[in-house]
Amino acid sequence: MTALSETRAQPGRAAIVIPRRRPRIKGSSIAIFVFLTMVSLFVAIPLYVVIVTSFKPIGEITLGQIFNLPVQWTVQPWMKAWNEMCTGLACDGIKQGFFNSVAILFPSLVLSIAIASVTGYALALWNVRWADGFLFVLFICAFVPFQIIMIPLIIVVASLGIFGTVWAIALVHAVLSMPLLTLIFRNFYKDIPRELINAAIMDSGSFWKIFWEIVLPMSGNIMVVVLILMITTVWNDYLVGLTFGGISTKPMTVILANSVITSRGEAIYNVNMAAALLTAVPPLVVYFALGRFFVQGITSGAIKG
Amino acid sequence: MPEVRFEHIVKRFGSFNVLEDLSLRVEDGEFLVLLGPSGCGKTTLLNLLAGLLDVTGGRITIGERDVTDLDPSQRGLAMVFQSYALYPTKTVEGNLRFGLSALKLDKAEIERRVAWAAQLLQIDKMMNRKPSQLSGGQRQRVAIGRALVKHAGVLLFDEPLSNLDAKLRTEMRMEIKKLHAALHQTIVYVTHDQIEAMTMATRIAVMDQGVIQQIGTPDEIYEKPANLFVARFIGAPPINTFDATLETTGGKLVARHAPTAIEIDLSHHEFRTAPQAGAPVVVGLRPEHFAVNDASRDDGAMRLSLPVRYSERTGSDATAFLEAGEQLLAVRIEPSLMSRLRIGDTMAASFPMDKLAVFDARSGLRM
Ligand SMILES: Nc1ncnc2c1ncn2[C@@H]1O[C@H](COP(=O)(O)OP(=O)(O)OP(=O)(O)O)[C@@H](O)[C@H]1O
Ligand SMILES: [Mg+2]
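For the record, the sequence lines run as chains F and U. Oh and the first sequence: position 11 is 11 in this note's numbering, straight run, nothing missing. So this note's numbering is basically just the index in the second sequence, starting at one, shifted up by 1000.
Shown next, in the form of structure tokens:
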């Protein structure tokens, strides 16, 4: 009825065009815009300098015009950084550091995610005695700075007989990240509908089987979030690698720092910058590859059945 | 198929008492419906039986086994949940298979049962789909299939149809009923929908505030409600009730409704407890037991001529609401009559004596 009468009324009203309101830019958005621009410049300018410097021959750098684009582009500094850069007495480039970092990264990821996801799963979905107390302790632990527990941790790790190996670094990363990751996993699993878990408990009843077959396959989103978080943390870590790694297991960051700080004679800026960029690239690649899922992961909480 | 017994079950959440000394026997092969308003403890009772909650006190046995302290997967039960609770990352087939994971069956048996359930519930065409690719009714079938493959002696349903539209609900009701007739499992079925309860149950247990108010066949519950709560909870439109006082006039026992001076003849009512003059009672009159404009009947407990306030039609039925003092009296009428009815018309109605329900106003119990 209503639809009909409205169609008939249409011709008479067609002439009246209601002007669409133009979206106005508000004062607060301008402030935000300015602030964001400043923040990005704060990061972008140094990054620009680092990038252009890494492509300049050393002769151009000594001119001191750090904002100029290279007159003569060269990838020589990158090759040098990768293959020939000197750390202490050895001059093998930072490639060894890259492989060390990769060797540290995988066990760290597996260990930390395995421990945190299972703990979070247990805390969220099973009746764990004193679960609340345990969560509170975890929460407190998340705020304890690493430096405070570093020395005791060294003693513990040494007594396990793994000090100086990648396993030591992986273990320490897993321990340090456990409070935060466990809380993340717990909060994610808390949103799994109760009836779904009840169904699984009646069907199977096995803690591990339910984890493997039901809960883990539902964890895709949160896994991406945690992966990015951990890859960035582990890759960019310096202190843990420095204190717990042996001579041959130092991560890329430590080797980079050693090279840049201890290089004898004149500083070779272009090689140093290239080395720094080489060290920074892997987390970036991961972020660009998985970034889409990252946003999805942190915004989609509950799992709809 | 085993029988299920609850013995003196107590359940508290913190200091909140949900069930207090509840005992209930579900007989072998029975279709028992737990019916009650929201929050009365139906799901709690079902979850206690399933082992998803622990009892605070009391014992639960299934067949000869005391299952009070057994894990859910060890109790030999299967359950269909209100939200279906299908595993979202598994296919339909994966869902059915996972249902068997606690049973340690050999491969051939698993294949046989999955195929059997798929065929029985007509989901064999969608075995490779994920739950998100199914309609509500299909999901419901899969959920039932996942429960059936276990060949459990006892099947539990927690409001399995409440997420479906009315038409589908009617269909699924029939199908569950048929399944029960074919498989003879003992079924405990929770709902707050009285039509589901009336159509499916072999017996209904009506619950309120954690207490079983009455347990009986649908007929018993409907025709002989044990108390006012049951009488008012069952039936749509709901039973008419009059607050009245017992009196003896002219050697006859009547219930007198003071505001309208309506007198209801109770001389042929079979009292369970001896009536006392002056006692306050509540008289219940089901709308469909009224005889309208029918002078030939004279077994009536009462005859009324009251003005019509309004009337409504619900499919095959129609109900007229008559004005009786402050309250409205619902009377079922023929739909054909309804079209001739004008508001303000006077309608004559009588009520048969043997259909009366009389309750003690103080205890609410049937008299
Ligand atoms: N985990 C819990 N902690 C505290 N109180 C609870 C808990 N679970 C249920 N209750 C309370 O117990 C009472 C019974 O709940 P229950 O879920 O059994 O109701 P129900 O009869 O199934 O209702 P509905 O028809 O709405 O599903 C409610 O008052 C509810 O608030
Ligand atoms: Mg419920």
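Every residue gets a Cβ at the ideal spot worked out from N, C-alpha and C, and that includes glycine.
Contact list for the segment 186 to 202 of chain F against chain U, Cβ threshold 8 Å: The segment 186 to 202 of chain F vs chain U, Cβ under 8 Å: P193, E195, L196, N198, A199, A200, I201 and M202.
T233 of chain F and S177 of chain F closer than 8 Å at C-beta: By one-based count along the first sequence, residue 233 of chain F stands at place 233. By one-based count along the first sequence, residue 177 of chain F stands at place 177. Closer than 8 Å, so yes.
heavy atom of ligand 1 below 7 Å from C1040 of chain U C-beta: The residue you call residue 1040 of chain U lines up with position 40 of the second sequence. At least one heavy atom of ligand 1 is nearer than 7 Å to the Cβ of C1040 of chain U, so yes.
V1018 of chain U CB to nearest heavy atom of ligand 1 below 7 Å: Taking the second sequence and counting its residues from 1, one reaches residue 1018 of chain U at position 18. At least one heavy atom of ligand 1 is nearer than 7 Å to the Cβ of V1018 of chain U, so yes.
CB of T1186 of chain U within 8 Å of CB of V1026 of chain U, strictly: Here residue 1186 of chain U is taken as the residue at index 186 of the second sequence, counted from 1. Here residue 1026 of chain U is taken as the residue at index 26 of the second sequence, counted from 1. Between T1186 of chain U and V1026 of chain U, the C-beta spacing is below 8 Å.
Buried or exposed (CB count within 10 angstroms, at least 16 for buried), N1047 of chain U: On the second sequence, residue 1047 of chain U is found 47 positions in, with the first residue counted as 1. It is buried - the Cβ of N1047 of chain U has at least 16 other Cβ atoms within 10 Å.
Continuous alpha helix (DSSP H) stretch holding F1098 of chain U: start and end: As a working note, residue 1098 of chain U is residue 98 in the second sequence. Here the alpha helix (DSSP H) through F1098 of chain U covers V1092 to F1098.
heavy atom of ligand 1 below 7 Å from H1180 of chain U C-beta: As a working note, residue 1180 of chain U is residue 180 in the second sequence. H1180 of chain U: no, Cβ never under 7 Å from ligand 1.
Min CB distance S1083 of chain U to chain F below 8 Å: What you label residue 1083 of chain U is simply residue 83 of the second sequence in a count that begins at 1. Yes, because at least one Cβ of chain F sits closer than 8 Å to the Cβ of S1083 of chain U.
Near ligand 1: G1372 of chain U beta-carbon under 7 Å from a heavy atom: The shown model of chain U, from 1001 to 1367, leaves out residue 1372 of chain U, and the question about it has no answer.
Cβ shell of A200 of chain F (< 7 Å), same chain only, five flanking positions each side left out: For the purposes of this step, residue 200 of chain F is taken as the residue at position 200 of the first sequence. Correct list, in chain order: I210 and I214.
From U:F1359, U:W1116 and U:G1041, residue whose alpha carbon lies closest to that of R1272 of chain U: Walking along the second sequence from the start, residue 1272 of chain U turns up at place 272. The residue among U:F1359, U:W1116 and U:G1041 with its C-alpha nearest the C-alpha of R1272 of chain U is U:F1359.
Strand pairing of D1066 of chain U, partner residues [DSSP]: Locating residue 1066 of chain U in the second sequence gives position 66, counting from the first residue. Within the DSSP bridge table, the entry for D1066 of chain U names U:T1061 as partners.
Beta-carbon proximity check, F294 of chain F vs I222 of chain F, cutoff 8 Å: Position 294 of the first sequence, counted from the first residue, corresponds to residue 294 of chain F. Position 222 of the first sequence, counted from the first residue, corresponds to residue 222 of chain F. Taking 8 Å as the cut-off, the beta carbon of F294 of chain F is found no closer than this to the beta carbon of I222 of chain F.
Burial state of G1278 of chain U, where buried means 16 or more other Cβ atoms lie within 10 Å: For the purposes of this step, residue 1278 of chain U is taken as the residue at position 278 of the second sequence. Exposed is the label assigned to G1278 of chain U, since fewer than 16 other Cβ atoms lie within 10 Å of its Cβ.
Reduced DSSP category for L1148 of chain U - H, G, I as helix; E, B as strand; rest coil: Within the second sequence, residue 1148 of chain U is the residue found at index 148, counting from 1. L1148 of chain U carries a helical assignment under DSSP once its states are collapsed to helix, strand and coil.
Touching by the beta-carbon criterion (3+ pairs, under 8 Å), the segment 1010 to 1029 of chain U and the segment 1198 to 1212 of chain U: Cβ pair count under 8 Å is three or more, so yes.
Assigned secondary structure, N1227 of chain U (DSSP; H/G/I helix, E/B strand, else coil): Position 227 of the second sequence, counted from the first residue, corresponds to residue 1227 of chain U. Residue state, collapsed to three classes: strand.
Near ligand 1: T1044 of chain U beta-carbon under 7 Å from a heavy atom: Here the question's residue 1044 of chain U lines up with position 44 in the second sequence. Within the cutoff, so yes.
Spatially closest choice to L1372 of chain U from U:I1062, U:A1357, U:E1196 and U:H1184, by CA coordinates: Only positions 1001 to 1367 of chain U appear in the structure, and residue 1372 of chain U is not among them; the question remains open.
Euclidean distance between Cα positions of H1269 of chain U and E1175 of chain U: To locate residue 1269 of chain U, count along the second sequence from 1; it is residue 269. To locate residue 1175 of chain U, count along the second sequence from 1; it is residue 175. Going by C-alpha positions, H1269 of chain U is about 40 Å away from E1175 of chain U.
8 Å Cβ cutoff, N117 of chain F in contact with chain U: Counting from 1 along the first sequence, the entry for residue 117 of chain F is found at position 117. Correcting the residue identity first, residue 117 of chain F is Ser in this sequence and not Asn. False, the Cβ-Cβ gap to chain U never drops below 8 Å.
Residue span of the beta strand (DSSP E) that contains R1169 of chain U, given as start and end: Position 169 of the second sequence holds residue 1169 of chain U. For R1169 of chain U, no beta strand (DSSP E) segment is defined; the enclosing uninterrupted segment is the alpha helix (DSSP H) at A1166 to L1183.
Residue range of the beta strand (DSSP E) that includes A1205 of chain U: Locating residue 1205 of chain U in the second sequence gives position 205, where the first residue counts as 1. Here the beta strand (DSSP E) through A1205 of chain U covers R1203 to D1208.
Spatial distance of G1058 of chain U from Y238 of chain F (CA atoms): For the purposes of this step, residue 1058 of chain U is identified with residue 58 of the second sequence, where counting begins at 1. For the purposes of this step, residue 238 of chain F is identified with residue 238 of the first sequence, where counting begins at 1. Computed Cα separation, rounded: 60 Å.
Contact test: F1081 of chain U Cβ vs ligand 1 heavy atom, cutoff 7 Å: One-based indexing of the second sequence puts residue 1081 of chain U at position 81. Remark: the shortest separation between the CB of F1081 of chain U and any heavy atom of ligand 1 does not fall under 7 Å.
Buried or exposed (CB count within 10 angstroms, at least 16 for buried), A302 of chain F: Mapped onto the first sequence, residue 302 of chain F falls at position 302. Since pLDDT at A302 of chain F reaches only 41, below the 50 mark, its modelled position is unreliable, and no value is offered.
Three-state secondary structure (DSSP) of Q1119 of chain U: Walking along the second sequence from the start, residue 1119 of chain U turns up at place 119. Three-state result, Q1119 of chain U: helix.
Cβ pair count under 8 Å reaching 3, the segment 1033 to 1045 of chain U against the segment 177 to 196 of chain F: Output reads no: the segment 177 to 196 of chain F does not touch the segment 1033 to 1045 of chain U.
Proximity test, Cβ basis, 8 Å: I303 of chain F and chain U: Taking the first sequence and counting its residues from 1, one reaches residue 303 of chain F at position 303. Because the pLDDT at I303 of chain F is just 47, under 50, the model does not fix this residue reliably, and the point stays unresolved.
Outcome for G1284 of chain U when other beta-carbon atoms lying within 10 angstroms are tallied against a minimum of 16: Numbered from its first residue, the second sequence carries residue 1284 of chain U at position 284. By the neighbour-count rule (16 or more Cβ atoms within 10 Å), G1284 of chain U is buried.
Sequence-distant residues of its chain with Cβ nearer than 7 Å to Q10 of chain F (five each side left out): Within the first sequence, the letter at position 10 stands for residue 10 of chain F. In this prediction, Q10 of chain F has a pLDDT of 47, which is less than 50 and means its spatial position is unreliable; what the coordinates show is noted afterwards. Excluding residues within five positions, none has a Cβ falling inside 7 Å.
Given 8 Å, three or more beta-carbon pairs between the segment 1058 to 1069 of chain U and the segment 1228 to 1238 of chain U: Contact between the segment 1058 to 1069 of chain U and the segment 1228 to 1238 of chain U is absent: fewer than three C-beta pairs spanning the two stretches fall below 8 Å.
Runs of beta strand (DSSP E) lying entirely within the segment 253 to 297 of chain F, each at least 3 residues, in chain order: Entirely contained in the segment 253 to 297 of chain F, not one beta strand (DSSP E) run reaches 3 residues.
Coil, strand or helix - R20 of chain F by DSSP: Reading the first sequence from its first residue, position 20 is the one you call residue 20 of chain F. R20 of chain F falls in the coil class under three-state DSSP.
Residues that P1072 of chain U contacts on chain F, provided the C-beta gap is smaller than 7 Å: The count along the second sequence starts at 1 and reaches residue 1072 of chain U at position 72. I201, M202 and G205, listed in chain order.
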